[in-house]
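> Okay, here's the structure, questions in a sec.
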Amino acid sequence: MNFEMSDDRRMLADSLARYLADACPVEGRVDVAYTAPWHSEEAWVGLAELGAFYALAPEEAGGMGGSGFDISVVFEALGRALCPEPVLATLLGLRLLADAGRDVEEVLAGQRLAVGIGELDAPYDLDGITCHAEGGLLTGRKSVVYGGAGAERLLIAAQAEGKLALFDVNAEDAQISGYGTIDGGPAAEVFLDGTPGELILGDARAALEEALDAGALALCAEALGAMEVVQGILIDYLKTRKQFGQPIGAFQALQHRAIDLGIEIEQARSIVILAASAEGGPEFGKRVAQAKFLVGKIARQVSEEAIQMHGGIGITWEYPLAHYAKRLVMIDAQLGDTDWHLERLMGALAAE
Amino acid sequence: MDLNFSPEEQAFQAEVQAFLAEALPAEIAGRVGRGEEPTREDMERWHAILNEKGWLAGTWPEEFGGQGWGPIELHIFEEECAKASAPRIVPFGTKMLGPVLMKFGTPAQQAEYLPRILDGRDWWCQGYSEPGAGSDLASLKTKAERDGDVYVVNGQKTWTTLGQYANRIFCLVRTKFEGKPQEGISFLLIDLDTPGIEMRPIRLIEGGYEVNEVFFTDVRVPVGNLVGEENMGWTIAKYLLGHERTNIAGTGFSVQALRQVKALAKQVKRGGKALIESPLFAARLASVEAELEAVKITNLRMLSKAAAGGQLGAEPSMLKIKGTVIRQELNDLARRALGPAAAPFPSEDLDNLAIAPKGHAHNASGYFNNRKISIYGGSNEIQRNILAKGMMRG
Ligand SMILES: Cc1cc2nc3c(=O)[nH]c(=O)nc-3n(C[C@H](O)[C@H](O)[C@H](O)COP(=O)(O)OP(=O)(O)OC[C@H]3O[C@@H](n4cnc5c(N)ncnc54)[C@H](O)[C@@H]3O)c2cc1C
Chain A
3 MNFEMSDDRR MLADSLARYL ADACPVEGRV DVAYTAPWHS EEAWVGLAEL
53 GAFYALAPEE AGGMGGSGFD ISVVFEALGR ALCPEPVLAT LLGLRLLADA
103 GRDVEEVLAG QRLAVGIGEL DAPYDLDGIT CHAEGGLLTG RKSVVYGGAG
153 AERLLIAAQA EGKLALFDVN AEDAQISGYG TIDGGPAAEV FLDGTPGELI
203 LGDARAALEE ALDAGALALC AEALGAMEVV QGILIDYLKT RKQFGQPIGA
253 FQALQHRAID LGIEIEQARS IVILAASAEG GPEFGKRVAQ AKFLVGKIAR
303 QVSEEAIQMH GGIGITWEYP LAHYAKRLVM IDAQLGDTDW HLERLMGALA
353 AE
Chain B
26 MDLNFSPEEQ AFQAEVQAFL AEALPAEIAG RVGRGEEPTR EDMERWHAIL
76 NEKGWLAGTW PEEFGGQGWG PIELHIFEEE CAKASAPRIV PFGTKMLGPV
126 LMKFGTPAQQ AEYLPRILDG RDWWCQGYSE PGAGSDLASL KTKAERDGDV
176 YVVNGQKTWT TLGQYANRIF CLVRTKFEGK PQEGISFLLI DLDTPGIEMR
226 PIRLIEGGYE VNEVFFTDVR VPVGNLVGEE NMGWTIAKYL LGHERTNIAG
276 TGFSVQALRQ VKALAKQVKR GGKALIESPL FAARLASVEA ELEAVKITNL
326 RMLSKAAAGG QLGAEPSMLK IKGTVIRQEL NDLARRALGP AAAPFPSEDL
376 DNLAIAPKGH AHNASGYFNN RKISIYGGSN EIQRNILAKG MMRG
């Protein structure tokens, strides 16, 4: 048994952390993440140059990683930095393109792509997708497509010939209404109306499920990174903020709650490790569902409690905690929320 | 045991409902119902409508322009207003300063300020909290030093709600520096146009602007603006706190929020079905509804006791804790129900995209903004401290 990170991954984590501290400082984030284009072109290019995307793609596809632990290392670093760059879209795209046997070189080099799966009436489930293709022309709407604003290329899940298929679409051919999200970062509504797309996977169901699980793992790791930063901010504040002549951290009512958060964050780290280790194996879906469920619950608790224990300052725009808290709460609604993943687990119990 | 309002109270309730149906402008109720901040004009317009009816400060005695409502009438009025999505009455003049002036003010102060609160000439804000004095209010440092017939005020207040619309601020200031901190505090009325005052906005988590910092540099305030006697401020503040607390549970807001979440959960889809059919979501909704029904009764038990002239002890603190947690849970459900559609940063540009169902684009903002309700007005931790003190004494 060995829970140490490999040297390669530790180096990747360190260099990413250094780069992000410099390129995406949390103090400057409010100017970047909440105004168009809702991320930094410079930081995006920098991440590509650093080789961050190579870590997300398997060697067969021309990358240098792509395992569960590669994903978790990269996204934990992004989460710590509260980085608004739409790397999740790249992760999903890389996996889907690799499954389709497509070249991923451009994506590794920093091509902005977004993956349109969820729809207004089917935010999480593949069965509800109504977007469809006929003769290579796509019709439908994809809603809250993360990274959609500014994407050059879209991968679109659509019904075609009775199967869920995957299409490669030139973003210029679709109508994209981009916007920023409440936690910072780019997203979009994507409207397809007889839009040409290249069929790249005729039966994409398994590939989509696997990519979504990888994406959910990434989000759990991102949340973990963000939660550890929040815990650090909270502990510092408990030690320095004084009321009634003492640090508020001297009040046991707060101490116990801060400690509870610490315990929960350890649980989150463990379940992320378990899910990452299951990548590529038969249990991956189950482990990811467990992780996304637990992390979603814990992330909400950490955000709400850290704000509460700060008092008023915790809900001010100027204070980084507020932005971490928004990300931590909103991350739950990406790629299946706590209830969604818990239902996945519940549904599988009877078959055990 | 009878859980119903008396016939007179029921008649009053019907009267309030009828009035709201007729007098509350639809566009204002629309904004409030969608979870948007009412505009300054909305608030002023609504205040004027209520004032004309004599209901802006219904609990004030008739001699001062009120109706002499007791706690039950006030409760009925506020519940119905919340259910109708009326804007909250800005409390600083009507609910805070008004009662203070009636109890501690001179006849001259009463004559000068009370009518101006009602007719909207004055918009008051509350200057209690300071950067270093939040929960520990008595440690406040903003000082007022006597210089002939003025006080010279220096220091900083913060979290001043809607100060950007106000022309006056009532402040707790330090007038004595030795002895117990509580014994050196005075209650001072300050005109915000006085030279030396600077107001700076504080942006909140969801991006909105409702609170401010206020800086005082050698601000000269006539001694006639002192309320009560010098160093009596803490007594006044404590009196006011008792006053603020009768409608602390905010159950009207929760009733309205519950109704909206239920409608939303029938509208949005998950896994091919209405969300309300999802067992886990339905469980969340049913749980919070049970909690709300219970706290409504706790609230009525307290009101009934207060109306009968009973002394309130721990009840307000319990209601503050339960009431805020229930409201926040409902805010959570309103956001959760939308899934990813809660994510877009609200903006009018997005309205035609209809990402969230109509009226729900602000659900995530509302959730984040309402983290404040368990912090201000005495945080839920401070409420527990009050309860614990009572428990150990009793
Ligand atoms: C949106 C908003 C509007 C406001 N409007 C106004 C206004 O108009 N006018 C005004 O004067 N003030 C206003 N306030 C200020 C409000 O009353 C304070 O925020 C509140 O008193 C808490 O103070 P604080 O924020 O400094 O937190 P702190 O007092 O620093 O508390 C930090 C944390 O420590 C906890 N804590 C403190 N002491 C103890 C203890 N003894 N035991 C256990 N836990 C403890 C608190 O509960 C909190 O969790 C507003 C605040 C907000 C957020």
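As given, the protein sequences belong to chains A and B, one line each in that order.
Sequential numbering of the first sequence, starting at 3, is according to this note's numbering.
Sequential numbering of the second sequence, starting at 26, is according to this note's numbering.
Ideal Cβ placement from N, Cα and C applies to all residues, glycine included.
1. Under the assumption that Leu203/A contacts Leu168/A (Cβ atoms under 8 Å), give the Cβ distance between them as a whole number of angstroms.
2. Would Phe44/B and Ile101/B be called neighbours here (beta carbons separated by less than 9 Å)?
3. Could you tell me the alpha carbon to alpha carbon distance between Leu221/A and Leu296/A, rounded to whole angstroms?
4. Which two residues bound the contiguous beta strand (DSSP E) that contains Asp243/B?
5. When burial is assigned at 16 or more other CB atoms within 10 Å of the CB, is Pro112/B buried or exposed?
6. Do three or more CB pairs link the stretch 116-135 of chain A to the stretch 53-62 of chain A at distances below 8 Å?
7. Which term fits Ala291/A, buried or exposed, when burial requires 16 or more other beta carbons within 10 angstroms of its beta carbon?
8. Taking Tyr438/A as the reference, give the member of Glu406/B, Met416/B, Leu378/B, Lys414/B with the closest Cα.
9. For the stretch 9-42 of chain A, list every residue whose C-beta sits within 8 Å of some C-beta in chain B, in sequence order.
10. Excluding the 5 residues preceding and the 5 following Glu316/B in the sequence, name in chain order all residues of the same chain whose CB lies nearer than 6 Å to its CB.
11. Roughly how far, in whole angstroms, is the beta-carbon of Gly391/B from the beta-carbon of Ala359/B, given that I think they are within contact range, below 8 Å?
12. Going by DSSP, which residues form a beta bridge with Trp149/B?
13. Pick out the complete beta strand (DSSP E) segments inside the stretch 78-157 of chain B, 3 residues or longer, and give them in chain order.
14. Sort out for me which residues DSSP pairs Phe193/A with in a bridge.
15. So, using beta-carbon positions, are Glu62/B and Glu235/B closer together than 9 Å?
16. Per DSSP, what kind of secondary structure is Glu170/B in: helix, strand or coil?
17. If the cut is a Cβ gap below 7 Å, which residues of chain A does Trp184/B touch?
18. Within the chosen definition, does the stretch 333-351 of chain A reach the stretch 64-72 of chain B through at least 3 CB pairs nearer than 8 Å?
19. Once you ignore the five residues that flank Glu98/B on each side, which residues in its own chain have a CB closer than 7 Å to its CB?
20. Can you tell me which residues form a DSSP beta bridge with Thr183/A?
21. Here's a check: name, in chain order, each residue in its chain whose Cβ is nearer than 6 Å to the Cβ of Gly186/A, leaving out the five neighbours to either side.
22. For the stretch 270-296 of chain B, which residues have a beta carbon sitting closer than 9 Å to at least one beta carbon of chain A?
23. Which chain B residues are close to Ile317/A, counting only those with a beta carbon under 8 Å from its beta carbon?
24. Measuring alpha carbon to alpha carbon, tell me which of Ala124/A, Glu200/A, Thr183/A ends up nearest Ile158/A.
25. Using a Cβ-Cβ cut-off of 8 Å (strictly less than) and excluding sequence neighbours within five positions of Ile227/B, which residues of its own chain qualify?
26. Buried or exposed: which applies to Glu2/A, given that a residue is buried once 16 or more other Cβ atoms fall within 10 Å of its Cβ?
27. Hey, is Gln254/A's beta-carbon within less than 9 Å of any beta-carbon in chain B?
28. Could you check whether Arg243/A and Gly251/A sit closer than 9 Å to each other, using their CB atoms as the reference points?
29. On a CA-only basis, which of Gly159/B, Ala290/B, Arg193/B, Leu81/B is nearest Ile400/B? Give me that one, please.
30. Quick one: which chain B residues come within Cβ less than 9 Å of Glu130/A?
31. Between Ser329/B and chain A, is there a C-beta pair that is closer than 9 Å?
32. Under three-state DSSP, which class holds Pro322/A?
33. If you measure from the CB of Val422/B, is any heavy atom of ligand 1 nearer than 8 Å?
34. 9 Å is my cut-off, CB to CB: does Phe370/B come that close to chain A?
35. Cβ closer than 7 Å: which chain C residues qualify as neighbours of Asp161/B?
36. Could you pull out every residue in the same chain whose Cβ sits closer than 7 Å to the Cβ of Gly58/B, ignoring the five residues on either side in sequence?
By the coordinates alone:
1. 4 Å
2. no
3. 12 Å
4. 234-247
5. buried
6. no
7. buried
8. The question about residue 438/A has no answer, for chain A in this structure spans 3 to 354.
9. Tyr36
10. Ile351
11. 7 Å
12. Arg193/B
13. 149-152
14. Arg143/A, Gln177/A
15. yes
16. strand
17. Gly314
18. no
19. Phe37, Gly83
20. Pro369/B
21. Ala35, Tyr36, Pro86
22. Val293, Lys294, Arg295, Gly296
23. Leu229, Ile230, Phe393, Asn394, Arg396, Lys397, Ile400
24. Glu200/A
25. Thr183, Trp184, Tyr234, Val236, Asn237, Glu238
26. Lying before the first or after the last residue shown, residue 2/A is absent from chain A, which here runs from 3 to 354.
27. no
28. yes
29. Gly159/B
30. Reading off the sequence shown, one finds Gly at residue 130/A, where the question assumed Glu. Within chain B, the residues near Gly130/A are Lys294, Arg295, Gly296, Gly297.
31. no
32. helix
33. Examination of residue 422/B is not possible in this model, given that chain B is present from 26 through 419 alone.
34. yes
35. The chain inventory of the structure shown lacks chain C, comprising the protein chains A and B.
36. Ser110, Gly384
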